[in-house]
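Asker: The structure under discussion is supplied below as C-alpha cells; questions concerning it will follow.
There are 10 protein chains.
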Amino acid sequence: MPNIETFENPHPKRNYVIRHVAPEFTSVCPKTGQPDYGTIEIEYIASDLCIELKSLKFYLQSFRNEGVFYEDVVNRILDDMVTALSPRTMVVTGSFTPRGGMHSVVIAEYPDEAEFADDE
Amino acid sequence: MPNIETFENPHPKRNYVIRHVAPEFTSVCPKTGQPDYGTIEIEYIASDLCIELKSLKFYLQSFRNEGVFYEDVVNRILDDMVTALSPRTMVVTGSFTPRGGMHSVVIAEYPDEAEFADDE
Amino acid sequence: MPNIETFENPHPKRNYVIRHVAPEFTSVCPKTGQPDYGTIEIEYIASDLCIELKSLKFYLQSFRNEGVFYEDVVNRILDDMVTALSPRTMVVTGSFTPRGGMHSVVIAEYPDEAEFADDE
Amino acid sequence: MPNIETFENPHPKRNYVIRHVAPEFTSVCPKTGQPDYGTIEIEYIASDLCIELKSLKFYLQSFRNEGVFYEDVVNRILDDMVTALSPRTMVVTGSFTPRGGMHSVVIAEYPDEAEFADDE
Amino acid sequence: MPNIETFENPHPKRNYVIRHVAPEFTSVCPKTGQPDYGTIEIEYIASDLCIELKSLKFYLQSFRNEGVFYEDVVNRILDDMVTALSPRTMVVTGSFTPRGGMHSVVIAEYPDEAEFADDE
Amino acid sequence: MPNIETFENPHPKRNYVIRHVAPEFTSVCPKTGQPDYGTIEIEYIASDLCIELKSLKFYLQSFRNEGVFYEDVVNRILDDMVTALSPRTMVVTGSFTPRGGMHSVVIAEYPDEAEFADDE
Amino acid sequence: MPNIETFENPHPKRNYVIRHVAPEFTSVCPKTGQPDYGTIEIEYIASDLCIELKSLKFYLQSFRNEGVFYEDVVNRILDDMVTALSPRTMVVTGSFTPRGGMHSVVIAEYPDEAEFADDE
Amino acid sequence: MPNIETFENPHPKRNYVIRHVAPEFTSVCPKTGQPDYGTIEIEYIASDLCIELKSLKFYLQSFRNEGVFYEDVVNRILDDMVTALSPRTMVVTGSFTPRGGMHSVVIAEYPDEAEFADDE
Amino acid sequence: MPNIETFENPHPKRNYVIRHVAPEFTSVCPKTGQPDYGTIEIEYIASDLCIELKSLKFYLQSFRNEGVFYEDVVNRILDDMVTALSPRTMVVTGSFTPRGGMHSVVIAEYPDEAEFADDE
Amino acid sequence: MPNIETFENPHPKRNYVIRHVAPEFTSVCPKTGQPDYGTIEIEYIASDLCIELKSLKFYLQSFRNEGVFYEDVVNRILDDMVTALSPRTMVVTGSFTPRGGMHSVVIAEYPDEAEFADDE
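Chains as they are written, first to last, in the numbering used here: chain A, 395 to 514; chain B, 395 to 514; chain C, 395 to 514; chain D, 395 to 514; chain E, 395 to 514; chain F, 395 to 514; chain G, 395 to 514; chain H, 395 to 514; chain I, 395 to 514; chain J, 395 to 514.
Shown next as C-alpha cells:
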C-alpha cells in the first residue's frame, strides 16, 4: 500500500469540512475476478492533518488489481484514513456501477456513534 | 422462493450502511394479471450477516411471475430480508411505473419505531 | 363524487409509507372558467384500509369539469381521503402549472399538529 | 403600489402550506439603472386570508421600473405581504440572475424567530 | 488585497439570508503552479453591514494569480468576510474542478459551534 | 368547434418559423371513455395569416370532452389549421402520456411531399 | 404469439408518423436463462392499417418468458409488424439495460434501402 | 431606439459563426398591456462588422416597455441587425415563456432563401 | 489479446444497426503510467457475424494494464473488430474523462470514405 | 506563446476525429480589463501530426492574463493550431459565460469552404 501523505491543517481551530470525490475507482471482485468500478467520496473534518491529494490518488489506485468486496473496501479506506489523519470525523461512501442489474452503495462513518459497548 | 444467501459481515463492529438498488423488478398484478414494473431499493445496517448479491438477484427474480400488490410485495421483501439477515435496521422502498396515469411508491422500515404495543 | 374504494391493509401492524402520484389532474378555475392542470400526490401511512388505485383514478377524474380553487381542492381531497381511510397520517400535495407567469403549490397534512385549540 | 387583494381562507382551521413561484420578476438596479431579473417565491401558512393570484401578479409587476437592491426588495415584499395577509408564517425567496459573474439569493422569513429583544 | 466594501443592512432587525454564488473563481496551485478553478458560495445573515457585490467580485479576482491551497483559500475568504462584515452567521463553500481524476469541496462556517476551548 | 381567429402576418415576405407548444392538451379515449393527456406542438411558416394565441387555446380546449384517437386528433388539428391559415408549411406533433406502459407520438405535416398520385 | 390487432388508418392519404415507446419490455437471455430488460420503440408511417395499442402491449408481453437474443428480437418484432400492417416505412429500436457493464442498442428498418439483391 | 454599435470584424476573410444569447428579454403585449418574457438568440456570420455587446444589451432593453407581438419583434430585431451589420447570414430566435398554458418560439433568417420573386 | 468471439448474424439480409456502449473502459497512459478512464462505443452493421457480448467485455478488459494513447486505442479497437467481424460499416468512439482540466473524444470509422488514393 | 508540441499521428491513413474540450479557459476583456471565462473545444482530423495534450493545456493557459475579444481569440487559436498541425479539417468553438445578461459562442472552421478569393 502506498504511503498516505499529509500536510498540516492550515486552520486547525475551526471545524470545517473537506470532501474529495474520486469517480475513477476500480478494484477486482474477489469472487469472479472481474473488475468493479465506482466512485469513492471521502468527507472529513481535519484535526491536525489534511490528506495530500496526489498521495490520495495513488492510494486509491493501489486497489486497481486487488480483489476486495464492496462492503470491505469502504471500511478499509475509512480505517486507513483514520489511522493516517486522526480526523475529528470522517465519512467514506462508495457507489458502485451495476452488476447483475443492481447497483450498490456502502457508507461508513467515524466515529461510529452507535458503537457496541460490550464488543469493545 | 430461492434461498437468500449471506456472508459474514467483514466489519461487524461498525454501523455502516449498505444499499442495493434493483431497477429491473417485475411482478404481476393479482387483479388484472398484467405485469408490474419497478425499482426495489434495500438499505440496511448489517449485524453479523450481509446479503450475497447474486442470491439477492435470484430472490427478486422469483416475483417475476407471481401475483402480488405493491403494498404487499415491499413488506414481504422486508420480512424475508429481516428473517435472513437479522439486520440492525433496514428500509425497503419500491417505486413502481405508471398505471392508470399514476405511479406509486411504498416504503417499509425495520424496526418499526411506532409499533402498536398490543392495540391491534 | 365517485366512491373511494378501499382494501384491507395487508400489513396493518407496521407503519409503512404509501405514495401515489397523479400527474394528470385537471379541474376548472371557478373565476375564469378556464381549465387548471397539476399533479396531485397523496402520501399516507395506512391504518386498517388502503386506497384502491382504480377508484382513486376515478375520484380524481371527478374534478375534471368542476370549478374549484387550488387552496380548496387540495384540502378537499385530504378531507375525503381521511374520511374514507382513517389513515394514521396523510399529506396531500398539489403542484399546478403556470397561470399569469406564476405556478403554485399547496400542501395539506393530517393530523394538523398545530391545530388551534379554541377553534375546536 | 397596486392593492394586494385577498380572499377568505377556505380551510382556516388547518395549517396548510401555499407556495407561489414567479419566475418573471424584474426590477432596476438603483446603482447602475440596469434591469435586474429573478424568481420570487412566496410560501406561507394562511391565517384568515389567502392572496389572490391576479393581484399578486400586478403587485410584483409594480417593481418593473423601480430601483431597488436585492436585499431590500425581498424584505419589502415580505413586509407588504405580512401587512396584507397576517399569515401564520411566511418565507419570501428571491433568486437573481448573474451580474458580474455572480448570482445571488435572498431569503426572509416571518416571524423572525431570532429577533433582537433590545431593538424592539 | 482589494478593499471589501459594504453598505448598511436595510433590514437589520430581521435574520434573513443572503447568498452570493461566484462560479468563476480561479487561483493557482502553490505546489504545481497550475491554475485551479472552482465556485465560491458565500451565505450569511448580516448584522449591520451587507457586502457590496462589485467589491466582492474584485476581492475574489485578487486570488487569480495567487498560490493557495483549497483548504486555505476557503478559510481565508471566511476570515476576511467576517472581519469586514461582522455577520451574525456565515458559511463559505468552495467546489473545485477535477484534478488527478478527483474533485474537492471545502466548507467553513462562522461561528464554529464546536470550537476547542483549550485552544483559545 | 370554436372559431380559429387569425391576424395579418406582419412580415409576409419572409419565410420565418412560428411554433406554439401546448402541454396541457386533454381529450377522451373513444374506446375506454378515459381521459388522454399530451402536448400539442404546432410549427408553421405563415403565408398571409398568423394564428391568434387566445383562439388557439380555446380551439385546443374544445377537445377536452371529445372522444378521439391519437392518430386522428393530430391530423384533424393539422387540417383545421391549414384551412384557417393556408400556411406555407405546417407540422403538428402530439406527444401523449403513457397508457398501458407505453407512450405515443404522432407527427403530421403539410404539404405532404410524398402524397399518392392516384389517390388525388 | 398473440394476434396483432389493427384498425383502419383514419388519414391514409397523408404520410404521417406514429411512434409507440414501450419502456417495460422484458425477455430472457437464451444463453444464461437470465431476464433481459429494455425499451422497444416502434415508429412507422401507416399505409391502410394502424396498430391497436392494447394488442401491441399483449404482443410485446409475449416475449416475457421467451429466450431470444437482442439482435434477433428487434428484427423479429419488425418482421411481425410489417406482416401485420404493411406500413409504408417502419423503424424498430431496442435499447437494453447494462449486462457485464455494457448496454446495447439494436435498430432495424423497413424497407432496407441497401438490401442485397440475391447475393446471399 | 438606441444606436447599435459595431466594431471591425477581426477575421473578415473567414466565415465563422458568432452567437449571442440574451435570456433576459422582456417587452409588453400590445393587446393586454401585460409584460412578455423570453430569450433572444442572434447567430450570424459577419461581413465587415461585428456587433458590440454592450450596445446589443441596450438595444434589447429598448423593448422593455414597448408593445410588440412575438411574430413582430423577432423580425424587427433581424431587420435592425441586418441594417446595422450587413452580415453574410443571420438567424434570430425568440423563445417566449408560457401564456395561457402555451409557450411560443419564432425564428427568422437572413437571407430568406425562399423569397417570393414577384413580391420584390 | 483475448479471442473476439462471434455468432452468426440472425438476419444477414437486413442492414440493421447494433451498438454496444462500455462505460467502464480503463487503460494506462504510456507517458505518465497513470490510469485513463473512458467510455467505448462500438456501432456497426453486421455482415455475416455479430460480436458475442461476453468476449467483447474480455477484449476491452485486456487494455486494463496496457499503456496506449487515446488516439491509438480507438483505432486499434476498430482494426481488431473489423478483422474479427468484417462488418458492412463500423464506428468506434472513445470518450475519456478529464486530464489536466480537459476531456477528449476520438471517433474512427470503417470504411473510411475519404481514404487517400496514393497511399494504398 | 508556449510551443504547441505534436506527436506523429499513429493512424495517418484514416480520417478519424479527435476532440479536446477545455472548460477552464480564461482570458481578459481588452475593453474592461475584467476576466472572461469559457470553454474551448478543438475538433480536428489529423494529417501527420496530433496535438500533445500537456502542451495544449499550456498553450490555452497563455491567454490567462491577455486581453483579447471573443471573436478574436477563437480565430487565433484556430490559426495557431492549423499552423502547428496542418490538419485535414479543424473546428474551434468558444462558449463564454454570461456578461451583461448575455452569453456568447464563436465557431471557426478550417478550411473555410466559402473563402473569399481575394475580393476583400
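C-beta: ideal position from N, C-alpha, C; glycine also.
So what's H:Val476 in DSSP terms, helix, strand or just coil?
Answerer: In this structure, H:Val476 counts as helix in the three-state DSSP scheme.
Asker: How far does the beta strand (DSSP E) with E:Tyr504 in it reach, from first residue to last?
Answerer: Here the beta strand (DSSP E) through E:Tyr504 covers 496 to 504.
Asker: Does any C-beta atom of chain B lie closer than 8 Å to the C-beta of F:Gly495?
Answerer: yes
Asker: For D:Asp430, write down the residues that DSSP places opposite it in a beta bridge.
Answerer: D:Ser421
Asker: Judging by CA-CA distance, which residue of D:Gln428, D:Ile434, D:Pro406 is the nearest neighbour of C:His497?
Answerer: Distances from the CA of C:His497 to each of D:Gln428, D:Ile434, D:Pro406 were compared; the closest alpha carbon is that of D:Ile434.
Asker: For B:Ile398, tell me which candidate among B:Gly488, B:Val500, B:Ile471 has the shortest Cα-Cα distance.
Answerer: B:Ile471
Asker: Rounding to the nearest angstrom, what Cα-Cα distance links B:Val476 and B:Met484 in this structure?
Answerer: Counting only the Cα atoms, B:Met484 lies some 8 Å from B:Val476.
Asker: Please identify, using Cβ separations under 7 Å, the residues of the segment 414 to 425 of chain C that lie next to chain F, in order along the chain.
Answerer: Result list: Glu418, Thr420.
Asker: Quick one, which of J:Gln455, J:Pro424, J:His414, J:Phe463 has its alpha-carbon nearest E:Tyr431's?
Answerer: With respect to the C-alpha of E:Tyr431, the residue from J:Gln455, J:Pro424, J:His414, J:Phe463 having the closest C-alpha is J:Gln455.
Asker: Beta-carbon within less than 8 Å of A:Val357's beta-carbon, same chain only, minus the 5 sequence neighbours each way: which residues are those?
Answerer: Outside the shown range of chain A (395 to 514) lies residue 357 of chain A, about which nothing can therefore be said.
Asker: Among the residues of its own chain, which have a CB less than 6 Å from the CB of E:Val486, if the five just before and after it don't count?
Answerer: The residues Ile436, Val468, Ile471, Leu472, Ala502, in chain order, have a CB closer than 6 Å to that of E:Val486 in the same chain once the five nearest residues on each side in sequence are set aside.
Asker: Write down the C-beta distance between E:Ser480 and E:Ser441 rounded to the nearest angstrom, noting that I regard them as a contact closer than 8 Å.
Answerer: Going by Cβ atoms, the distance from E:Ser480 to E:Ser441 rounds to 5 Å, so yes, they are a contact pair.
Asker: Quick check on B:Ala511 - is its C-beta less than 8 Å from some C-beta in chain A?
Answerer: With a pLDDT of 45 at B:Ala511, under the threshold of 50, the predicted position of this residue should be treated as unreliable, though the coordinate-derived value follows. Output row for B:Ala511: interface = no.
Asker: Within the 8 Å Cβ cut-off, does H:Pro406 reach chain D?
Answerer: no
Asker: Can you name, in chain order, every residue of its own chain whose Cβ lies under 6 Å from the Cβ of H:Ala416, other than the five neighbours on each side?
Answerer: Ile434, Leu454
Asker: With a threshold of 8 Å between beta-carbons, can D:Thr433 be considered close to chain J, or not?
Answerer: no
Asker: Once the 5 residues before and after I:Pro505 are set aside, which same chain residues still bring their CB inside 8 Å of it?
Answerer: Thr483
Asker: Rounded to the nearest angstrom, what separates I:Lys451 and C:Thr491 at their Cα positions?
Answerer: 47 Å
Asker: Below 8 Å between beta carbons: does that hold for I:Val500 and J:Ile445?
Answerer: No; because the gap between Cβ atoms is not below 8 Å, this pair is not in contact.
Asker: Residues of chain H with CB closer than 8 Å to the CB of D:Pro396, please, in chain order.
Answerer: Residues of chain H passing the Cβ test: none, with the nearest at roughly 13 Å.
Asker: Between the alpha carbons of F:Glu349 and G:Ser489, how many angstroms are there, rounded?
Answerer: The question about residue 349 of chain F has no answer, for chain F in this structure spans 395 to 514.
Asker: Could you work out which residues of chain I lie near G:Asn409, taking near to mean beta carbons separated by less than 8 Å?
Answerer: Those do not exist, as G:Asn409 stays about 22 Å from chain I at its closest Cβ, beyond 8 Å.
Asker: Do you know whose CA, among F:Leu447, F:Gly427, F:Thr426, lies nearest H:Glu465's CA?
Answerer: F:Leu447
Asker: For chain I, is any of its Cβ atoms less than 8 Å away from the one on E:Thr491?
Answerer: Under the 8 Å criterion on CB atoms, E:Thr491 is classed as interfacial with respect to chain I.
Asker: Measure the Cβ-Cβ separation of J:Leu443 and J:Asn409 and say whether it is below 8 Å.
Answerer: no
Asker: Does the distance from the C-beta atom of E:Pro396 to that of J:Arg458 stay below 8 Å?
Answerer: Contact flag unset, no.
Asker: For J:Asp474 and D:Gly495, what's the separation of their Cα atoms in angstroms?
Answerer: The C-alpha of J:Asp474 lies about 29 Å from the C-alpha of D:Gly495.
Asker: Note the first and the last residue of the continuous beta strand (DSSP E) segment covering A:Ser489.
Answerer: 483 to 493
Asker: If we cut at 8 Å on Cβ distances, does I:Val500 have a partner in chain G?
Answerer: no
Asker: Counting only beta-carbon atoms, is G:Leu447 nearer than 8 Å to chain F?
Answerer: yes
Asker: Using a Cβ-Cβ cut-off of 8 Å, state whether C:Ile412 counts as contacting chain B.
Answerer: yes
Asker: Under 8 Å, do J:Ala478 and J:Thr426 count as touching if we go by C-beta distance?
Answerer: no
Asker: Use the C-beta contact count for J:His414: other C-beta atoms within 10 angstroms, 16 or more gives buried, fewer gives exposed.
Answerer: Buried.
Asker: Which chain C residues sit within Cβ distance under 7 Å of F:Arg482?
Answerer: By Cβ distance, chain C contributes nothing, its closest Cβ being about 31 Å from F:Arg482, past 7 Å.
Asker: In angstroms, rounded to a whole number, what distance separates the CA positions of E:Lys407 and C:Tyr438?
Answerer: 40 Å
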